[in-house]
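Visitor: After the C-alpha cells below, expect a handful of questions from me.
In the numbering used here, the protein residues as written are 55 to 450.
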C-alpha cells in the first residue's frame with residue numbers, strides 16, 4: 055500500500071481478488087503505474103470533513119515544496135493576479151484560486167503531469183475536471199456539506215483508465231482511439247455533421263464517434279476482462295485512499311436509483327459531462343432525461359443551471375490548468391432540442407405500443423379481428439366502386 059490512511063487492507067485485497075489474475079500481476083509489475091504522494095492523500099482525507107478549512111488544506115500542502123510553488127505561481131499568473139499584490143504563502147494562493155482549482159491542481163500535478171502530447175490522458179483529465187464541476191454543483195443543491203468530498207471523488211472516478219494506459223500502452227491506444235472518451239475538440243461544424251438520433255442512444259449500440267461511457271466500459275470488459283471503475287477502485291485502495299472514496303469510484307457508473315445523495319451526484323456527473331463535451335449533445339441530453347424520468351429523478355436535476363455553471367467554471371479552470379476549453383453552448387437552445395427529441399421519442403413509443411396492442415388483440419381474438427378486417431375490406435371495395443362509377447359518368 056502506498057498510503058497509510060486506510061484502516062486495513064481488507065478492501066484492497068477484496069478488489070485484488072475481483073481483478074483478473076493477469077491484470078493484477080501486470081499492474082504490480084508496472085513501473086509507470088500512477089501514484090499519489092502522501093500530500094495528495096492527506097488532502098483527500100481533509101476533503102472528507104465538512105468542517106475542513108482552507109488553513110487545514112494549506113498546512114498539508116506546505117509539506118510539498120514543489121506543489122506549494124506551483125500553487126503560488128498560478129495564483130500570481132496574469133489570469134489571477136489582476137491588479138492585486140503578489141501572494142507569498144500557500145494559504146494566500148488558495149484564497150485567490152479557490153478550493154476547486156486548488157484540488158484540481160493538486161491531483162492533476164500528481165496524476166496528469168505528462169499529459170502534453172498524450173491524447174488519452176488529456177481527454178481523461180478534461181472529463182474528470184468537468185465531471186467534478188458538475189458533481190460539486192449538484193452536491194451544493196442536494197448535500198452541501200459534502201460538496202468538497204463529492205468534487206474530489208468525481209475527479210478520481212476515471213483513474214482506472216490511467217492504469218490501463220500505463221500498463222498496456224499499445225492496447226489502450228487502439229481501444230481508446232476506436233472508442234473516444236469524449237469529443238474534446240468541438241467546433242460548430244462538428245456539432246452538426248453527426249446525425250446520431252435519440253433512438254440510437256437509448257435502444258441501439260451508439261456509433262464509435264459518439265460512444266457513451268457505458269460503451270467504453272463494455273469495450274474494456276472485452277479487452278481486459280473488467281472495466282476502469284474496478285481498476286480505479288483497486289488503484290485508489292492501493293494508494294490508501296479512504297474506503298468511502300474507493301467504493302464511490304467502484305460504483306460511479308451504476309444506476310441512478312440510489313438513496314445516497316453523495317453517490318447520486320457522482321453517478322450523474324459522468325453522463326452530463328459526456329453530453330456537454332459531445333459534438334452532438336442534444337441526443338445525449340435527451341437520452342439522459344429519458345433515463346432520469348424512468349428513475350423518477352427529473353426533479354432532482356436542474357439541467358439548465360448545471361450547464362450554465364459548468365460552462366462558467368470550466369472556462370476558469372481550463373485557463374488555470376492550461377486545458378483546451380470546449381466551445382460555448384447555448385443552454386436554452388440545447389435543452390429545447392433535447393426536450394423536442396424526447397417528445398418525438400415518446401410519440402414513437404406510443405405508436406409502437408398501440409401497434410403491439412392491436413397485434414396482441416388479433417392473437418387473442420382472431421375471429422373478431424377477421425370480421426373487422428372483412429368490414430374494412432368491404433368498405434374499401436364500396437369506396438372503390440363508387441369512385442369507378444363517378445369516373446365513368448364524368449367521362450361522358
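Cβ atoms here follow ideal geometry from the backbone N, Cα and C, with glycine treated the same way.
What first and last residue would you give for the alpha helix (DSSP H) that runs through residue 327?
Guide: Run containing residue 327: 315–331, per the alpha helix (DSSP H) assignment.
Visitor: Following the continuous alpha helix (DSSP H) through residue 219, name the residue where it begins and the one where it ends.
Guide: 213–221 is the span of the alpha helix (DSSP H), which, as asked, contains residue 219.
Visitor: Regarding residue 81 and the ligand SAM, is the C-beta to nearest heavy atom distance less than 8 Å?
Guide: Within the structure as shown, the ligand SAM is missing, as the structure has no ligands at all.
Visitor: For residue 280 versus residue 128, is the C-beta spacing smaller than 9 Å?
Guide: Contact flag unset, no.
Visitor: Buried or exposed: which applies to residue 493, given that a residue is buried once 16 or more other Cβ atoms fall within 10 Å of its Cβ?
Guide: Nothing about residue 493 can be reported from this structure: the residues present for the chain run from 55 to 450 only.
Visitor: Give me, in chain order, the residues of the same chain whose beta-carbon lies closer than 6 Å to that of residue 312; leave out the 5 immediate sequence neighbours on both sides.
Guide: 318.
Visitor: Residue 178: which of 302, 285, 366, 230 sits nearest, CA to CA?
Guide: Closest by alpha carbon: 230.
Visitor: Given residue 134, which residues of its chain have a CB within under 6 Å of its CB, disregarding the five upstream and five downstream residues?
Guide: Correct list, in chain order: 150.
Visitor: With burial defined as no fewer than 16 other Cβ atoms inside 10 Å of the residue's Cβ, what is the status of residue 131: buried or exposed?
Guide: Residue 131 should be labelled exposed.
Visitor: Can you round the beta-carbon distance between residue 364 and residue 188 to whole angstroms, since I take them to be within the 8 Å contact cut?
Guide: Indeed they touch by this definition, with Cβ atoms about 6 Å apart.
Visitor: In whole angstroms, what separates the C-alpha of residue 125 from that of residue 116?
Guide: Cα to Cα, the separation comes out at about 10 Å.
Visitor: Quick check: what's the CA-CA separation for residue 162 versus residue 222?
Guide: Cα to Cα, residue 162 sits roughly 21 Å from residue 222.
Visitor: For residue 323, which residues of its own chain have a beta-carbon under 6 Å away from its beta-carbon, when the five flanking residues on both sides are left out?
Guide: For residue 323, where only same-chain residues beyond five positions count, the Cβ hits under 6 Å are 185, 188, 189, 208.
Visitor: At what residues does the alpha helix (DSSP H) containing residue 283 begin and finish?
Guide: 282–293 is the extent of the alpha helix (DSSP H) around residue 283.
Visitor: What residue does the alpha helix (DSSP H) around residue 162 start on, and which one ends it?
Guide: 153–165 is the extent of the alpha helix (DSSP H) around residue 162.
Visitor: Could you tell me which of 225, 278, 193 sits nearest to residue 321, measuring between CA atoms?
Guide: Of the listed residues, the one whose Cα sits closest to residue 321 is 193.
Visitor: Return yes when the Cβ of residue 114 is within less than 9 Å of the Cβ of residue 85, no when it is not.
Guide: Not a contact, by the Cβ cut-off of 9 Å.
Visitor: Alpha carbon to alpha carbon, what distance is there between residue 146 and residue 345?
Guide: Each residue's alpha carbon lies about 44 Å from the other.
Visitor: Enumerate in chain order the residues of its own chain whose CB-to-CB distance from residue 109 is below 8 Å, with the five nearest sequence positions on each side excluded.
Guide: Cβ neighbours of residue 109 beyond the five flanking positions: 145.
Visitor: Pair every Cβ in the region 67–82 with every Cβ in the region 97–104, then say whether three or more of these pairs are closer than 8 Å.
Guide: Taking 8 Å as the limit for Cβ pairs, the verdict is that the region 97–104 does not touch the region 67–82.
Visitor: Since residue 310 is in the alpha helix (DSSP H), which residue starts that stretch and which ends it?
Guide: That residue, residue 310, is in no alpha helix (DSSP H); it is neither H nor E in DSSP.
Visitor: How long is the line joining the alpha carbons of residue 219 and residue 285, rounded to whole angstroms?
Guide: Between residue 219 and residue 285, the C-alpha separation is close to 12 Å.
Visitor: Using the three-state DSSP reduction, which class does residue 101 fall into: helix, strand or coil?
Guide: Residue 101 falls in the helix class under three-state DSSP.
Visitor: Taking DSSP as the reference, what is the three-state secondary structure of residue 71?
Guide: The answer is helix: DSSP assigns residue 71 an H, G or I state.
Visitor: Residue 360 and residue 191 look like a contact to me (Cβ under 8 Å); what is the Cβ gap, rounded to whole Å?
Guide: With a Cβ gap of about 6 Å, residue 360 and residue 191 count as contacting.
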